[in-house]
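Take a look at the structure set out below.
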Amino acid sequence: MKQNPVDRRSVLKIGATALAAGVAGCSQESSQNTEASGGDSTDSSDGSSSGDGSSGQSTNYPEFDPANPEFPQLMQTLIETGFETGSLQDLKNMKEREKPRYGNPVQGTPDNQDDLIDPDRIAFAMTPTEDPAVYRDTMQPLMDNIAEETGKSVKYFPLNSYASQIEAMRSERLHVAGFSTGPTPFAVNLAGAVPFSLQISQEGDFGYRLWLATQADNDDISSLEDIKGKRVAHAEPSSNSGNLAPRALFSNQGVTPGEDYEVSYSGGHEQSILGVANDDYDAAPVCSTCVTRVAEADNIDPTNLKVVWASNPFPTTSFCYRYNLKPEIQEGIRAAFLDYDYSDTKIAEVFGGRGKWTEIDYATTYDIILQIQENNEIKYNTENIEG
Numbered sequence: 001m002k003q004n005p006v007d008r009r010s011v012l013k014i015g016a017t018a019l020a021a022g023v024a025g026c027s028q029e030s031s032q033n034t035e036a037s038g039g040d041s042t043d044s045s046d047g048s049s050s051g052d053g054s055s056g057q058s059t060n061y062p063e064f065d066p067a068n069p070e071f072p073q074l075m076q077t078l079i080e081t082g083f084e085t086g087s088l089q090d091l092k093n094m095k096e097r098e099k100p101r102y103g104n105p106v107q108g109t110p111d112n113q114d115d116l117i118d119p120d121r122i123a124f125a126m127t128p129t130e131d132p133a134v135y136r137d138t139m140q141p142l143m144d145n146i147a148e149e150t151g152k153s154v155k156y157f158p159l160n161s162y163a164s165q166i167e168a169m170r171s172e173r174l175h176v177a178g179f180s181t182g183p184t185p186f187a188v189n190l191a192g193a194v195p196f197s198l199q200i201s202q203e204g205d206f207g208y209r210l211w212l213a214t215q216a217d218n219d220d221i222s223s224l225e226d227i228k229g230k231r232v233a234h235a236e237p238s239s240n241s242g243n244l245a246p247r248a249l250f251s252n253q254g255v256t257p258g259e260d261y262e263v264s265y266s267g268g269h270e271q272s273i274l275g276v277a278n279d280d281y282d283a284a285p286v287c288s289t290c291v292t293r294v295a296e297a298d299n300i301d302p303t304n305l306k307v308v309w310a311s312n313p314f315p316t317t318s319f320c321y322r323y324n325l326k327p328e329i330q331e332g333i334r335a336a337f338l339d340y341d342y343s344d345t346k347i348a349e350v351f352g353g354r355g356k357w358t359e360i361d362y363a364t365t366y367d368i369i370l371q372i373q374e375n376n377e378i379k380y381n382t383e384n385i386e387g
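So this is what it looks like as structure tokens:
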């Protein structure tokens, strides 16, 4: 269903004026909600939405206010209040950046007509999965609207790796794509990608957070600092929230993984949270939406776990087009995403109710990811594309 573009802009207004607070996005009402690193921060530099963590008692938790969160909190409370994701308000509260803190800016549309491309058929791809064609039918309503808005036929382009997806856009064989969180800066720096939108739900939910989880009855751990010297599980080396993000964000708070505690790799977020639930580890940084799914599958009891620190929300898949498509094609692609509501299609069904898109600015919305990659000294070359 097509939305009224004027209404869409009034509801999903995430432009330069709206993006005016901490980089990773919780409300400015909390003095703890800031950018994820130094530079341009108006508060501290932790990238977290954590409170003072001073409770120290497994049965005594502060009242939870998502706009001004204090920790520790029962994991069950965070799930019930939807704190595993971010919101449109979080996007609006991000501090606007004129250019990316790390890497190159998004390329602008060329002025020279000879540098523009006008493909006969638009190639579209989603972030690679074990079954590269799994999203072909799911994304058909969107592809139909891209065709309608651009006047071009659209073909799904299945790819089986992040590197192949980026190479396809770099070589102009891929024109529109959903890039996973970590590879998005690679796509900007190597492939001429222009990130312009994120998927959201009807309520405006987007993204995910890093949660530092431990047992609810573990009174030795009530804050991030308390994990020093403890048994802590990271998911796997290439995981954003399970390894790269905590290495950057925890270090900014004075807790350095690998120095203040020995890192044990569990093999994944589910393995990490199951290990904490079974007392194999004292704590673990985990993807909030991942462990929520584990709880919803009744594989853990979230009333037996608590979260002692949480990051501001990370963006999920960015939707991009190549910078040198003809301007009218770019406009048609944007309209197919932003002017339609897909909430009654397979798109929303497959993506957890996220059947709409909202506009983003790469330098602002992806700043927390760029800070993490800068702190981890990620180099933008194809050998480093891990996801």
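Under full-length UniProt numbering, the very last position in the sequence shown is 387; numbers go up by exactly one each time.
Each residue gets a CB set at the ideal place from its N, CA and C atoms; glycine is no exception.
Start and end residues, beta strand (DSSP E) containing residue i
i: residue 96; result: Run containing residue 96: none; DSSP gives neither H nor E here.
i: residue 122; result: 121–125
i: residue 178; result: 176–179
i: residue 154; result: 153–156
i: residue 135; result: Looking at the DSSP string, residue 135 is not in any beta strand (DSSP E), and its letter there is neither H nor E.
i: residue 216; result: Unbroken run through residue 216: none, as it is neither H nor E.
i: residue 286; result: 283–287
i: residue 233; result: 232–234
i: residue 263; result: 263–265
Rounded distance between the beta-carbons of residue j and residue i, thought under 8 Å
i: residue 77; j: residue 200; result: Not really, about 23 Å apart at Cβ, beyond 8 Å.
i: residue 124; j: residue 67; result: 37 Å between Cβ atoms; not a contact.
i: residue 287; j: residue 208; result: 6 Å
i: residue 218; j: residue 282; result: 7 Å
i: residue 315; j: residue 181; result: 6 Å
i: residue 312; j: residue 368; result: 7 Å
i: residue 345; j: residue 353; result: 11 Å between Cβ atoms; not a contact.
i: residue 82; j: residue 205; result: 7 Å
i: residue 266; j: residue 245; result: Not quite, the Cβ-Cβ distance comes to about 16 Å (not below 8 Å), so this is no contact.
i: residue 392; j: residue 210; result: Residue 392 lies beyond the residue range present for the chain, which begins at 1 and ends at 387; the question has no answer from this structure.
Neighbour-count burial assignment, residue i, 16 or more Cβ in a 10 Å radius
i: residue 332; result: buried
i: residue 376; result: exposed
i: residue 133; result: exposed
i: residue 273; result: buried
i: residue 297; result: exposed
i: residue 373; result: buried
i: residue 306; result: buried
i: residue 302; result: buried
i: residue 317; result: buried
i: residue 127; result: buried
i: residue 113; result: exposed
i: residue 137; result: exposed
i: residue 115; result: exposed
i: residue 161; result: exposed
i: residue 184; result: buried
i: residue 173; result: exposed
i: residue 2; result: exposed
i: residue 240; result: buried
i: residue 171; result: exposed
i: residue 93; result: buried
i: residue 150; result: buried
Continuous alpha helix (DSSP H) stretch holding residue i: start and end
i: residue 244; result: Counting along the chain, residue 244 falls outside any alpha helix (DSSP H), and DSSP gives it neither H nor E.
i: residue 202; result: No alpha helix (DSSP H) holds residue 202; DSSP gives it neither H nor E.
i: residue 80; result: 75–80
i: residue 167; result: 162–170
i: residue 349; result: 346–350
i: residue 186; result: 184–191
Residues that residue i bridges to, as DSSP identifies them
i: residue 2; result: 340
i: residue 150; result: Looking at the DSSP assignment, residue 150 forms no beta bridge with any residue, so it has no partner.
i: residue 117; result: 325
i: residue 310; result: 211
i: residue 359; result: 197
i: residue 86; result: 206
i: residue 272; result: According to DSSP, which records beta bridges pairwise, residue 272 is partnered with nothing at all.
i: residue 318; result: 179, 198
i: residue 370; result: Residue 370 pairs with nothing; no bridge assigned.
i: residue 305; result: 215
Closest residue to residue i among the options (Cα-Cα distance)
i: residue 102; options: 131, 364, 91; result: 364
i: residue 214; options: 284, 350, 255; result: 284
i: residue 143; options: 163, 160, 122; result: 122
i: residue 86; options: 310, 345, 73; result: 310
i: residue 203; options: 343, 279, 193, 290; result: 343
i: residue 117; options: 334, 330, 367; result: 330
i: residue 237; options: 224, 229, 268; result: 268
i: residue 169; options: 250, 313, 188; result: 188
i: residue 226; options: 64, 72, 2; result: 72
i: residue 294; options: 75, 383, 246; result: 75
i: residue 99; options: 92, 362, 194, 289; result: 362
i: residue 304; options: 216, 95, 326; result: 216
i: residue 324; options: 84, 119, 88; result: 119
i: residue 157; options: 221, 264, 135; result: 135
i: residue 278; options: 231, 179, 248, 261; result: 231
Any non-hydrogen atom of the ligand ATP within 8 Å of residue i CB
i: residue 314; result: Looking for the ligand ATP in the displayed structure turns up nothing, as the structure carries no ligands at all.
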